[in-house]
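Mind the numbering: the sequence shown is residues 1 to 843 in the UniProt record's numbering, read in order. We put the CB at the ideal spot given by N, CA and C, even for glycine.
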Amino acid sequence: MPRDTEEASPISFYEVMTAEASVVTRRRELVAARRAPDIETVKGPAAKPSAQVNVAGADKEDERGNLYPVVKTDRDLTGLACSGGGIRSAAFCMGVLQALESITEKDRPNVFENIDYMSTVSGGGYIGTSLVAGLMQTNGEFPFTSTLGGPETLETQHIRDYSNYLAPKGTIDVVVGLVVVMRGLLINAMIFLAALLTLAWLTILINPTETSLRLPILHRLTQNSGNVFYWSILMAVVLGLVQIGYSIFAFRPSSRTDRVTTLVEREMASRIFALFFLVCLLIAFFEFQAYVLAGFFDAAKAPKDCSEINWVGCILIHAPTSLKGLWATLAGMSAALAAFGNKLIAVAAASKGDDSWTGTARHLASKILLYCLAMVVPILLWCIYLGLSYAGIGAGDTVIGGTRTSYAVLAGLLIFLSLLVTPNANSLHGYYRDRLSRAFLWRLDKLKESARNELAEKSHILADLRKRLKDRQARKRSTDVDQFKLTSLKPGSPGNWADSVWFSPYLLINTAVNLEGSPYLGRRGRSADSFVFSPIYTGSQATGYATTSSLERADCNLNLGTAMAISGAAASANMGANTIRVLTFSLAVLNVRLGYWLPNPRFLRGRIGLRRLLANVAPWYFAKEAIGRVDELTSNVYLTDGGHFDNLGLYELLKRRCKVIVVADAEADPTLDFNSLIRVERYARIDLGILIDLPWSELRRSNALATEDSLGNASTDEARFQGPHVAIGRIDYGGNEHGVLIYIKSCMSGDESDMIRDYRRRYPQFPHQTTLDQFFNEEQFEVYRALGFHATRNFFTGKDHFASLKNCPVPDWPGLVGKALTELNVPGDAVAQIVQRQQDAMI
Numbered sequence: 001m002p003r004d005t006e007e008a009s010p011i012s013f014y015e016v017m018t019a020e021a022s023v024v025t026r027r028r029e030l031v032a033a034r035r036a037p038d039i040e041t042v043k044g045p046a047a048k049p050s051a052q053v054n055v056a057g058a059d060k061e062d063e064r065g066n067l068y069p070v071v072k073t074d075r076d077l078t079g080l081a082c083s084g085g086g087i088r089s090a091a092f093c094m095g096v097l098q099a100l101e102s103i104t105e106k107d108r109p110n111v112f113e114n115i116d117y118m119s120t121v122s123g124g125g126y127i128g129t130s131l132v133a134g135l136m137q138t139n140g141e142f143p144f145t146s147t148l149g150g151p152e153t154l155e156t157q158h159i160r161d162y163s164n165y166l167a168p169k170g171t172i173d174v175v176v177g178l179v180v181v182m183r184g185l186l187i188n189a190m191i192f193l194a195a196l197l198t199l200a201w202l203t204i205l206i207n208p209t210e211t212s213l214r215l216p217i218l219h220r221l222t223q224n225s226g227n228v229f230y231w232s233i234l235m236a237v238v239l240g241l242v243q244i245g246y247s248i249f250a251f252r253p254s255s256r257t258d259r260v261t262t263l264v265e266r267e268m269a270s271r272i273f274a275l276f277f278l279v280c281l282l283i284a285f286f287e288f289q290a291y292v293l294a295g296f297f298d299a300a301k302a303p304k305d306c307s308e309i310n311w312v313g314c315i316l317i318h319a320p321t322s323l324k325g326l327w328a329t330l331a332g333m334s335a336a337l338a339a340f341g342n343k344l345i346a347v348a349a350a351s352k353g354d355d356s357w358t359g360t361a362r363h364l365a366s367k368i369l370l371y372c373l374a375m376v377v378p379i380l381l382w383c384i385y386l387g388l389s390y391a392g393i394g395a396g397d398t399v400i401g402g403t404r405t406s407y408a409v410l411a412g413l414l415i416f417l418s419l420l421v422t423p424n425a426n427s428l429h430g431y432y433r434d435r436l437s438r439a440f441l442w443r444l445d446k447l448k449e450s451a452r453n454e455l456a457e458k459s460h461i462l463a464d465l466r467k468r469l470k471d472r473q474a475r476k477r478s479t480d481v482d483q484f485k486l487t488s489l490k491p492g493s494p495g496n497w498a499d500s501v502w503f504s505p506y507l508l509i510n511t512a513v514n515l516e517g518s519p520y521l522g523r524r525g526r527s528a529d530s531f532v533f534s535p536i537y538t539g540s541q542a543t544g545y546a547t548t549s550s551l552e553r554a555d556c557n558l559n560l561g562t563a564m565a566i567s568g569a570a571a572s573a574n575m576g577a578n579t580i581r582v583l584t585f586s587l588a589v590l591n592v593r594l595g596y597w598l599p600n601p602r603f604l605r606g607r608i609g610l611r612r613l614l615a616n617v618a619p620w621y622f623a624k625e626a627i628g629r630v631d632e633l634t635s636n637v638y639l640t641d642g643g644h645f646d647n648l649g650l651y652e653l654l655k656r657r658c659k660v661i662v663v664a665d666a667e668a669d670p671t672l673d674f675n676s677l678i679r680v681e682r683y684a685r686i687d688l689g690i691l692i693d694l695p696w697s698e699l700r701r702s703n704a705l706a707t708e709d710s711l712g713n714a715s716t717d718e719a720r721f722q723g724p725h726v727a728i729g730r731i732d733y734g735g736n737e738h739g740v741l742i743y744i745k746s747c748m749s750g751d752e753s754d755m756i757r758d759y760r761r762r763y764p765q766f767p768h769q770t771t772l773d774q775f776f777n778e779e780q781f782e783v784y785r786a787l788g789f790h791a792t793r794n795f796f797t798g799k800d801h802f803a804s805l806k807n808c809p810v811p812d813w814p815g816l817v818g819k820a821l822t823e824l825n826v827p828g829d830a831v832a833q834i835v836q837r838q839q840d841a842m843i
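Shown next, in the form of structure tokens:
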């Protein structure tokens, strides 16, 4: 039974797996009971052996010293993973789901009845979460039934209608989006203006007049030195002398053989020197501000030559026209960075592996531009600070006290207002969540009412009937699906689950907890850890786990829509392994932030009173986000797109030791480098001791052959084109324990329908059009859905060839593949054909 983290310490993954095993067991019992001829006997207290899932502790521990779970069950654990990729992935994975449902023979168990886990990421999470929410409303009936040539369900039509989910209603939605963006920028501006006014007030306090700008700080202690950099020079000289002295004496041979400096002493000395150096730089920076401000006043006097003024004033004198457009230029460049920064990052990343002259030049140019743009926002803020300081000092000695007071009062007011802002108030998360919820989380009864309403309008039904329908719809508005809690998917407690538990696989919504500032080097190197939302437990290895119900109480905004939106929060200043550090500060200031600050599962127990109030203070968390120092040791943790750690959703299924895993991969991978797969392979090997052997290179070769000419001639040479879109690989869990990985890739082979091939001829980037495009039209959504359906159905019906292992250490690998397919309820004739092809490949 899940324990409440408000009353206990953070929960381990071993405890998570134990609770999940009871849910999976209960679901298997209910599914079996539903199909058994004698329901009463199956519902008895003794469960069938094939339904039991047990978890035990192993002798070994993982990399953090935690107990390693071992799953024991007569029927292997199975999982389905839907990858990230925005609306592109949602469309492709929808086709995959529809194909899996379509292979079921009449009156036979379907695939989804035997899938224990559904692991989703980003765009795959859109459709995966929608499926699970739909199964809960349709008494377990698949909500997206479609054979591409037959009738479609209302649910399918609704999602296609909302394929342009960010602006489904056109101009008004665009305007709403702009208002939300401006609101976030306004809050950011308030926070930063408070800081800049405070700095300007301190500057005026230290240098109240123009004359004081030309003297060192505390000039009365400097014997009337006229050099503004007096303290910087003094500190640099002292540091140099100390370094020389240390070099002479620390490394000098000693007659005492028993006195040798230790590693700790040497490291401590180095840190002290580094700290001293940083202090020198800080002093120099502040003295430089006075030097620059003095140059402003020199330029204002506009002498005929530069002999009596500093170089800053000289530049300002001889280039006065360039300063008139400075503010406009900086503001324009900041806007460009906010609008096109992600595209520039994509160009730099895409051209990184291109060794051609053009590819190298494009990568270098985009990187240089990226670094230049990264300086725009800091320079803009610096100019604002200088402008405030210059205005305050230049106000004159008679009113300078009033200027200082006004700055202090205004800064105090803005600081007070900033403290009232909660960490997620200035994020774009809320707008993104609402758009996704409208598109992918629906109430079936409302869809039916809407359809009847539309029919009534067309048939001119009496006005009072329409009024009754609208009144009923308004009464149900407070129970929209986007308000459903995660815990509502699996009501009850282990051992006492409601019968609704069998409706759907156990949902795992993958996100990434950002750890750029983590004290653990391994986590900091990856900059993230896998963070999972589920109906019972939520958390990660880094933060520990908490009951989802306790997190829902701690954060009233946490629901199914919130978790889905966090999983797809691709654009952010902090993006786990994908973080562009040089842009972190600028992107945070410009509010390119879809991430979410969630109460830390590790510290829920003490989240009361003053600590609860402090946890809702935005400036502290915003500052950590802007400087890239987020970690797992604060009251809130920063979550972003699951793809910032694992874009396939595979890692968590491996962690649960599923023996049969189906992965639908629709990420943007135009060169088919399989980067996300390779990254997960590395994480699984290091963290879990699990090896993956997948023959993906055959998919790349086949996709390369699908040229424009071959696509045009495909209909005349069908024998040549029969896949592959799928690869079957081996999962080595160690200890002679193996699993089967069925990997469905978004790629072309030439045997696709005319609609798909025609779209590819017109848009060569298909099926890997950029994830930055989230405004799909009907045709675009449909071709991706059709490709997912085609690739999946043709494989699971035994029609298509697939990439297979030529050598395998498992004695009866084809037999293990057949067993895995049978456990997925794949029809027997298709299983026989697939197994035969695997046997032929190994001859």
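- Using the Cα positions of I566 and A365, report the straight-line distance between them to the nearest angstrom. 32 angstroms
- Message: Please return the same chain residues whose Cβ sits closer than 6 angstroms to the Cβ of S130, not counting the five positions on each side in sequence.
- Response: F440
- In this structure, what does DSSP give as the bridge partners for T73? V53
- Query: Going along the chain, which unbroken runs of the alpha helix (DSSP H) with 4 or more residues stay wholly within the segment 570-636?
  - Reply: 584-589, 609-614 and 618-626
- Query: Roughly how many whole angstroms lie between the Cα atoms of D840 and L594?
  - Reply: 49 angstroms
- Query: Taking the continuous beta strand (DSSP E) assigned at V532, which residues delimit it?
  - Reply: A528 to F533
- Query: Mapping DSSP to helix, strand and coil, what is R443?
  - Reply: coil
- Message: Here's the rule: buried if 16 or more other CB atoms are within 10 angstroms of the residue's CB, otherwise exposed. What is C372?
- Response: exposed
- Item | Beta-carbon contacts of Y651 that lie in its chain and below 7 angstroms, excluding the five residues immediately before and after | S530, V680, Y683 and A684
- Item | Beta-carbon proximity list for T422, same chain, < 7 angstroms, skipping 5 on both sides | N616 and A618
- Query: Rounded to whole angstroms, how far is the Cβ of F796 from the Cβ of A830, which I believe are closer than 8 angstroms?
  - Reply: 6 angstroms
- Task: Could you check the C-alpha separation between I379 and F192 for me, to the nearest Å?
- Result: 13 angstroms
- Message: Taking the straight line between their C-alpha atoms, what separation do you get for P809 and S746?
- Response: 29 angstroms
- Task: Report the residue ranges of all alpha helix (DSSP H) runs contained in full by the segment 175-258; include only those spanning at least 4 residues, in chain order.
- Result: 210-213 and 230-250
- Query: Is D116 near P724, with beta carbons less than 8 angstroms apart?
  - Reply: no
- According to the neighbour-count rule (16 or more other Cβ atoms, all chains shown, within 10 Å of its Cβ), is C556 buried or exposed? exposed
- Message: I want to know whether the segment 732-745 touches the segment 651-663 - three or more CB-CB distances under 8 angstroms.
- Response: yes
- Message: Taking its Cβ as the centre, do 16 or more other Cβ atoms sit within 10 Å of M182, making it buried, or is it exposed?
- Response: exposed
- Item | Cα-Cα separation between Q799 and Q722, rounded to whole angstroms | Before going on, a small fix: residue 799 reads as Lys here, not Gln. Rounded to whole angstroms, K799 to Q722 spans 7 angstroms at the Cα level.
- Query: Can you tell me the Cα-Cα spacing of L614 and L633, whole angstroms?
  - Reply: 14 angstroms
- Look at the Cβ atom of A546, then the Cβ atom of Y537, and state whether they are nearer than 8 angstroms. yes
- Item | Burial state of P599, where buried means 16 or more other Cβ atoms lie within 10 Å | buried
- Message: Short of 6 angstroms in beta carbon distance, which residues of its chain neighbour L583, apart from the five on each side in sequence? Order them along the chain.
- Response: A374
- Message: Using C-beta distances below 7 angstroms, list every residue in its chain close to V16, excluding the 5 sequence neighbours before and after it, in chain order.
- Response: Y537 and Y545
- Query: In this structure, does DSSP put Y371 in helix, strand or coil?
  - Reply: helix
- Per DSSP, what kind of secondary structure is C808 in: helix, strand or coil? coil
- Tell me the start and end of each unbroken alpha helix (DSSP H) in the segment 754-790 that is at least 4 residues and wholly inside, in chain order. 754-762
- Query: CB-CB under 6 angstroms to R629, same chain, minus the five flanking residues each way: which ones, in chain order?
  - Reply: G517
- Message: When you measure from the CB of L816 to every non-hydrogen atom of the ligand ZN, does any distance come out below 7 angstroms?
- Response: Judged by which ligands are present, the structure shown has none, so any question about the ligand ZN falls away.
- Query: If you count every other CB in all the chains shown that lies within 10 Å of the CB of T716, and 16 or more means buried, which is it?
  - Reply: Legend: pLDDT at T716 = 46, less than 50; position of this residue unreliable, value from coordinates given subsequently. Its Cβ having fewer than 16 others within 10 Å, T716 is exposed.
- Tell me, which residues are paired with R730 by DSSP? D693 and V740
- Return helix, strand or coil for S146, following the three-state DSSP convention. coil
- Can you give the Cα-Cα distance for F533 and G539, rounded to whole angstroms? 7 angstroms
- Task: Can you have a look at Y763 and say buried or exposed, based on whether 16 or more other CB atoms are within 10 angstroms of its CB?
- Result: exposed
- For Y432, which of helix, strand or coil comes out of DSSP? helix
- Going by the CB atoms, is the gap between L197 and Y407 shorter than 8 angstroms? yes
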